[in-house]
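Engineer:
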Amino acid sequence: MIQSGGAAEPSPIVEALSAVVDAIQAATPTPELRVVASLVAVIVLAAVVVAVRQFGPWLKARTDDRDLTIESLRAVVVTVTVVLFGLSLVVVWRGVGLAVGVLPTDTVTGRAVVRTVLTVAILVFATVATRLTKRGIRDFGRRNGALSDHQTEITHHVVQVGVYAVALLVVFTVWGVNPGNLLVGAGFAGIVLGLAARQTLGAVLAGFVVLFSRPFELGDWVVIGDQEGVVTDITIVNTQIRTFDEEYVMIPNDVVTDTEVVNRSRKGRLRLNLDVGVDYATDVDRAAEIAEEAMRGHDLVLAQPDPHVVLTGFGDSSVGLRLRFYIDNPSARKMWKARTRVTLAVKEAFDEAGIKIPFPQRELSGRAETAGFRVAGGEGRQTARGSAANTQTDGGGHGGDDA
Numbered sequence: 001m002i003q004s005g006g007a008a009e010p011s012p013i014v015e016a017l018s019a020v021v022d023a024i025q026a027a028t029p030t031p032e033l034r035v036v037a038s039l040v041a042v043i044v045l046a047a048v049v050v051a052v053r054q055f056g057p058w059l060k061a062r063t064d065d066r067d068l069t070i071e072s073l074r075a076v077v078v079t080v081t082v083v084l085f086g087l088s089l090v091v092v093w094r095g096v097g098l099a100v101g102v103l104p105t106d107t108v109t110g111r112a113v114v115r116t117v118l119t120v121a122i123l124v125f126a127t128v129a130t131r132l133t134k135r136g137i138r139d140f141g142r143r144n145g146a147l148s149d150h151q152t153e154i155t156h157h158v159v160q161v162g163v164y165a166v167a168l169l170v171v172f173t174v175w176g177v178n179p180g181n182l183l184v185g186a187g188f189a190g191i192v193l194g195l196a197a198r199q200t201l202g203a204v205l206a207g208f209v210v211l212f213s214r215p216f217e218l219g220d221w222v223v224i225g226d227q228e229g230v231v232t233d234i235t236i237v238n239t240q241i242r243t244f245d246e247e248y249v250m251i252p253n254d255v256v257t258d259t260e261v262v263n264r265s266r267k268g269r270l271r272l273n274l275d276v277g278v279d280y281a282t283d284v285d286r287a288a289e290i291a292e293e294a295m296r297g298h299d300l301v302l303a304q305p306d307p308h309v310v311l312t313g314f315g316d317s318s319v320g321l322r323l324r325f326y327i328d329n330p331s332a333r334k335m336w337k338a339r340t341r342v343t344l345a346v347k348e349a350f351d352e353a354g355i356k357i358p359f360p361q362r363e364l365s366g367r368a369e370t371a372g373f374r375v376a377g378g379e380g381r382q383t384a385r386g387s388a389a390n391t392q393t394d395g396g397g398h399g400g401d402d403a
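If you count the sequence shown from 1, position 187 lands on 187 in UniProt numbering, and the numbers rise without skipping.
1) Using the C-alpha atoms, what's the distance from R333 back to T243?
2) Which runs of the beta strand (DSSP E) at least 3 residues long sit entirely within the stretch 256-335? Give them in chain order.
3) By Cβ distance, which residues of its chain are closer than 6 Å to T232, with the 5 residues on each side in sequence left out?
4) Could you check the C-alpha separation between R53 and A121 for me, to the nearest Å?
5) Say whether the stretch 202-213 touches the stretch 223-230, bearing in mind that this needs 3 or more beta-carbon pairs closer than 8 Å, one atom from each stretch.
6) Leaving out the 5 sequence neighbours to the left and right, which residues in its chain are closer than 6 Å to E153 when beta-carbon positions are compared?
7) So, with DSSP's three-state summary, where would you put G400?
8) Our contact map puts A294 next to A349 with C-beta atoms below 8 Å; I'd like the distance itself, whole angstroms only.
9) Nearest to A291 by alpha carbon, out of R322, S265, S317?
10) Assuming P215 and G277 are in contact, meaning their beta carbons sit under 8 Å apart, how far apart are those beta carbons, in whole angstroms?
11) Report buried or exposed for R138, applying the criterion of at least 16 other Cβ atoms within 10 angstroms of its Cβ.
12) Is V78 closer than 9 Å to V128 when the C-beta atoms are compared?
13) Is L317 buried or exposed, if buried means 16 or more other CB atoms sit within 10 Å of its CB?
14) Can you give me the start and stop residues for the beta strand (DSSP E) that W221 sits inside?
15) Give the DSSP-derived three-state secondary structure of T340 in the structure shown.
16) From this set, R266, E228, G176, which residue's C-alpha is nearest T259's C-alpha?
17) Under DSSP, the beta strand (DSSP E) around E228 begins and ends at which residues?
18) DSSP has V237 in a bridge; who is on the other side?
19) By Cβ distance below 6 Å, which residues in the same chain neighbour H156 in space, the five residues on each side in sequence not counted?
20) Report the residue from G162, V83, F172, V159 whose alpha carbon sits nearest the alpha carbon of V124.
21) Tell me which same chain residues have a C-beta within less than 7 Å of the C-beta of T340, skipping the five on either side of it?
22) From the DSSP output, which residues share a beta bridge with I251?
23) Please confirm whether S213 and V117 have their CB atoms less than 9 Å apart.
24) Have a look at R131, D285, A19 and flag the residue whose alpha-carbon is nearest the alpha-carbon of Y164.
25) Can you say whether V177 is buried or exposed, counting buried as having 16 or more other CB atoms within 10 angstroms of its CB?
26) Let's test the definition: count the other Cβ atoms within 10 Å of the Cβ of P307 and tell me whether it reaches 16, buried, or not, exposed.
27) Can you tell me the Cβ-Cβ gap for L270 and P330, rounded? I've got them flagged as a contact below 8 Å.
28) Between V20 and the rest of its own chain, which residues show a CB-CB distance below 6 Å, the 5 nearest in sequence each way excluded?
29) Does DSSP put T28 in a helix, in a strand, or in coil?
30) Cα separation between A281 and R296?
31) Among the candidates V346, V40, K337, R264, whose CA atom is the shortest distance from the CA of R286?
32) For F314 and D279, I'd like the C-alpha separation in whole angstroms.
33) Between R53 and the ligand MG, is the CB less than 8 Å from at least one heavy atom?
34) For Y248, does the count of other Cβ atoms within 10 angstroms reach 16, so buried, or fall short, so exposed?
35) Pick out whichever of T257, L311, D283 has its Cα sitting closest to the Cα of D203.
36) How close, in whole Å, do the beta carbons of V342 and F325 come, if the pair is a contact with beta carbons under 8 Å?
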């Protein structure tokens, strides 16, 4: 319907919103009441954030998709609340321009207050936006299979840097700073910042190197310097691993790029070695065959590459054998489980075949003329005579042959 003046008749939704805006502005006619209304809006925003955090665990216990759905719902609620918070400030203060003009500009409650509130709102919005994009990217990668976990992390961090860069430009505009003027002193400022924060900047640059060079991915079993564990997170600043003692270690990315990194999960399989010795009187070829058959009899040991045994050399009392076998999808728990089972299987197979695994033994004998051994701290003598006791000496001779 067109009015006589030629203007379109406003919709009921617009009329309702206009009524709400008029009511809020009528309730806050003075700057003091507007400040009070702004504080109330801040309190409501904080209460919603706290409620969302407390409501999360309760909702997780009643849903199946514990990660994506709950976090997405949290992000949506917080985002809507932040938007409503910003709109309420605009309505209460009749627009940003009017708010700046109404407040005294020579006090803390002047322009700085409005700009500070806007800065906080912009940064909060940017943080929520990065979380939403992270969930969206992860959901897209899972449903379509187009992105691996590592590619998802790279995409998220690139988007994160872009969102925060735009947010900073908006903040500069709010504070009346021309970003172009910052480029004029970028050379000198770059030198100062480079000297003051070179370690942090180095970690950030190294973070992109780690993300794009992909020496490891999420879930990989790695050894970085003195730390060994599973990679749980990769950011542009540091890499987080969970050790096998359930400790979380944060390693700066510049340390990662400067340190030797061992990735035990890279190829999806890992070779394990187990050393054992057999008696010199044993048929070594037969012992090797028995050990190989024992290794093949376990589901944790891969059939290909084939388990095999190699000779490592001659020991003091045994011939050294090295048992080599592979496991797939390696993890620390699986490695120790496989080593334990193979050790028990080879031991049982050797026992059944009568193959002796030598271990250090010593037999001591005393000279017959000395009437045996003297017990330290004792009053009497303990004799050890006879041919059975004179079989082998440790640093001495055979009894009866010496004068």
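Just so it is clear, CB atoms sit at the ideal spot from N, CA and C, and this is done for glycine as well. The model shown is predicted, which means the values in this text are computed figures rather than measured ones.
Structural biologist: Taking the coordinates as given:
1) In the sequence shown, the residue the question calls residue 243 occupies position 243. In the sequence shown, the residue the question calls residue 333 occupies position 333. Near 12 Å, if we compare the C-alpha coordinates of R333 and T243.
2) 261-263, 269-278, 308-314, 319-328
3) To locate residue 232, count along the sequence shown from 1; it is residue 232. Counting only Cβ-Cβ distances below 6 Å, and skipping sequence neighbours, we find Q240, R242.
4) Counted from its first residue, the sequence shown places residue 53 at position 53. Counted from its first residue, the sequence shown places residue 121 at position 121. Going by the C-alpha atoms only, they are around 19 Å apart.
5) no
6) Along the sequence shown, read from residue 1 onward, the residue named residue 153 stands at position 153. Excluding positions up to five away in sequence, the list reads I234.
7) The residue given as residue 400 occupies position 400 in the sequence shown. Unreliable placement is indicated for G400, whose pLDDT of 41 sits below 50; no coordinate value is reported for it.
8) If you number the sequence shown from 1, residue 294 lands on position 294. If you number the sequence shown from 1, residue 349 lands on position 349. Correct: roughly 4 Å between the Cβ atoms.
9) The residue given as residue 291 occupies position 291 in the sequence shown. Out of R322, S265, S317, R322 has the C-alpha closest to the C-alpha of A291.
10) What you label residue 215 is simply residue 215 of the sequence shown in a count that begins at 1. What you label residue 277 is simply residue 277 of the sequence shown in a count that begins at 1. Not quite, the Cβ-Cβ distance comes to about 38 Å (not below 8 Å), so this is no contact.
11) Within the sequence shown, residue 138 is the residue found at index 138, counting from 1. So R138 ends up on the buried side.
12) Mapped onto the sequence shown, residue 128 falls at position 128. Mapped onto the sequence shown, residue 78 falls at position 78. Result yes, Cβ atoms of V128 and V78 sit closer than 9 Å.
13) Your numbering for residue 317 matches position 317 in the sequence shown. In the sequence on display, residue 317 carries Ser and not Leu. It counts as exposed.
14) Position 221 of the sequence shown holds residue 221. It spans 221-224 - the beta strand (DSSP E) in which W221 sits, taken as one unbroken run.
15) For this step, residue 340 is matched to residue 340 along the sequence shown. Three-state DSSP puts T340 in a helix.
16) In the sequence shown, the residue the question calls residue 259 occupies position 259. With distances taken between Cα atoms, T259 lies closest to E228.
17) On the sequence shown, position 228 is the one that residue 228 refers to. Taken as a continuous stretch (DSSP letters only), the beta strand (DSSP E) holding E228 covers 227-234.
18) Translated into the one-based positions of the sequence shown, residue 237 becomes position 237. Looking at the DSSP assignment, V237 forms no beta bridge with any residue, so it has no partner.
19) As a working note, residue 156 is residue 156 in the sequence shown. Result list for H156: K134, I137, in chain order.
20) Indexing the sequence shown from 1 puts residue 124 at position 124. It is V83.
21) Residue 340 sits at position 340 when you count from the first residue of the sequence shown. Contacts found: none.
22) Counted from its first residue, the sequence shown places residue 251 at position 251. I251 pairs with T239.
23) One-based indexing of the sequence shown puts residue 213 at position 213. One-based indexing of the sequence shown puts residue 117 at position 117. Cβ atoms of S213 and V117: not closer than 9 Å.
24) Along the sequence shown, read from residue 1 onward, the residue named residue 164 stands at position 164. Nearest option by C-alpha distance: R131.
25) Indexing the sequence shown from 1 puts residue 177 at position 177. V177 is exposed by the Cβ-count criterion.
26) Position 307 of the sequence shown, counted from the start, is the residue given in the question as residue 307. So P307 counts as buried.
27) Taking the sequence shown and counting its residues from 1, one reaches residue 270 at position 270. Taking the sequence shown and counting its residues from 1, one reaches residue 330 at position 330. With a Cβ gap of about 4 Å, L270 and P330 count as contacting.
28) Along the sequence shown, read from residue 1 onward, the residue named residue 20 stands at position 20. Contacts found: none.
29) Along the sequence shown, one-based indexing puts residue 28 at 28. If DSSP states are grouped into helix, strand and coil, T28 belongs with coil.
30) For the purposes of this step, residue 281 is identified with residue 281 of the sequence shown, where counting begins at 1. For the purposes of this step, residue 296 is identified with residue 296 of the sequence shown, where counting begins at 1. Taking the straight line from one Cα to the other gives about 26 Å.
31) Counting from 1 along the sequence shown, the entry for residue 286 is found at position 286. Taking only the C-alpha atoms, the option nearest R286 is V346.
32) Taking the first residue of the sequence shown as 1, we reach residue 314 at position 314. Taking the first residue of the sequence shown as 1, we reach residue 279 at position 279. Whole-angstrom Cα-Cα distance: 10 Å.
33) Among the components modelled here there is no ligand, and therefore nothing to report on the ligand MG.
34) Locating residue 248 in the sequence shown gives position 248, where the first residue counts as 1. Under this definition Y248 is an exposed residue.
35) Position 203 of the sequence shown, counted from the first residue, corresponds to residue 203. According to the sequence as given, residue 203 is Ala; it is not Asp. The shortest Cα separation from A203 among T257, L311, D283 belongs to T257.
36) Walking along the sequence shown from the start, residue 342 turns up at place 342. Walking along the sequence shown from the start, residue 325 turns up at place 325. Rounded, the Cβ-Cβ distance is 7 Å, consistent with contact.
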